[in-house]
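Accompanying notes for the structure given below.
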Amino acid sequence: MIRLFHVPLSPFCRKVRLSLAEKKLEVELVEERYWEKSAEFLRRNPAGKVPVLKMDGKVLTESAAICEYIEERHPTPPLMPTDPDGKYEVRRLVTWFDDKFHHEVTSKLLYERVNKKVMKQGYPDSTSVKAGAKAIKYHLDYMGWLLDQRRWLAGDQMSLADFAAAAHLSALDYISDVDWNRNANVREWYAKIKSRPAFRSILADQVPGFPPPGHYADLDF
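Per numbering that gives the first Met the number 0, residue 0 is the first one in the sequence shown, and the count goes up by one each step.
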């Protein structure tokens, strides 16, 4: 049995979950309070981060590397192109979302509003939240520009780049932090990817102490 140590709203964990689900690989999900840095968890990953995947008798870490390992072991249906240029573009965009988007948006919205509460680290920093709310507009516009030229973010076929983007945006959508009216291309892209069977378990996530997806804006802070 494949086992994934994860946090439900972690976009890095969600990207791995989407890859596994698209390949129709059954996985046992184990929620991991990684911030508590238990000795058992640190033995699995000394870096103290999720996701951690137990698969094929191995313990795998780092979401991008995990997804490419899954792709190599289970190439059907493909989530990576076969040509060098196509692979480069997918990897470029995966890094864009997991690095730039994460730093400028996810860490300033999701982490401030959710992670701090879950980890008992105080209240959201309003300056960071405002910066994240401003930055996401730029990223949605960039996605819209890409989708003006392509069926999917990295080309004509759905890829890991789409799952990386959808993982971040779905986590932000849980707390109502995505303006889907900003760009029609992005809204249609998200509706298309969200309708895939691989997305079902993610849409069913419920974070203890928080309202159901889409109702976060009703909370007072």
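Cβ coordinates follow ideal geometry from the N, Cα and C atoms, glycine included.
If you look at R43, you'll find it isn't in any beta strand (DSSP E); it sits in the alpha helix (DSSP H) that goes A38 to R43. Counting every other CB atom within 10 Å of its CB across the protein chains shown gives K23 a total below 16, marking it as exposed.
In the structure shown, E21 adopts helical secondary structure according to DSSP, grouped into three states. Look at E27 here: in three-state DSSP terms it is strand. With a 10 Å radius around the Cβ and a threshold of 16 neighbouring Cβ atoms, M118 comes out exposed. DSSP places L78 outside both helix and strand once states are collapsed to three, so it counts as coil.
From the listed residues A165, T75, V128 and K116, the smallest Cα separation to S106 is found for V128. Under the three-state reduction of DSSP, K129 is assigned to helix. DSSP links K57 through a beta bridge to M54. For the pair D161 and I135, the CB atoms are not nearer than the 9 Å cut-off. Three or more beta-carbon pairs separated by less than 8 Å link the stretch 32-48 to the stretch 57-73, which places the two stretches in contact.
Per DSSP, the unbroken beta strand (DSSP E) holding H5 starts and ends at I1 to H5.
Closest in C-alpha terms to P207, from the list V93, Y173, W179 and R195, comes Y173. Listed in chain order, the alpha helix (DSSP H) runs fully inside the stretch 153-206 are 159-173, 183-193 and 199-202, counting runs of at least 4 residues. For S194 and E39, the gap between their C-alpha atoms comes out near 37 Å. By the beta-carbon neighbour count (other beta carbons within 10 angstroms, threshold 16), A64 is exposed. Inter-residue distance for E21 and R2 is about 16 Å (C-alpha atoms, whole angstroms). Judged by pairs of C-beta atoms under 8 Å, the stretch 171-185 touches the stretch 138-150, as three or more such pairs exist. Nearest to P10 by C-alpha distance, out of A165, S175 and P196, is A165. By the neighbour-count criterion, in which a residue is buried when 16 or more other Cβ atoms sit within 10 angstroms of its Cβ, W144 is exposed. Within the same chain, Cβ atoms closer than 7 Å to the Cβ of V89 are found at M79, P80, A153, S158, L159 and A160, the five residues on either side in sequence being excluded. Annotated three-state conformation of R16 is helix, per DSSP. Cβ contact annotation for K115 (same chain, cutoff 8 Å, sequence separation greater than five): G121, Y122 and P123, in chain order.
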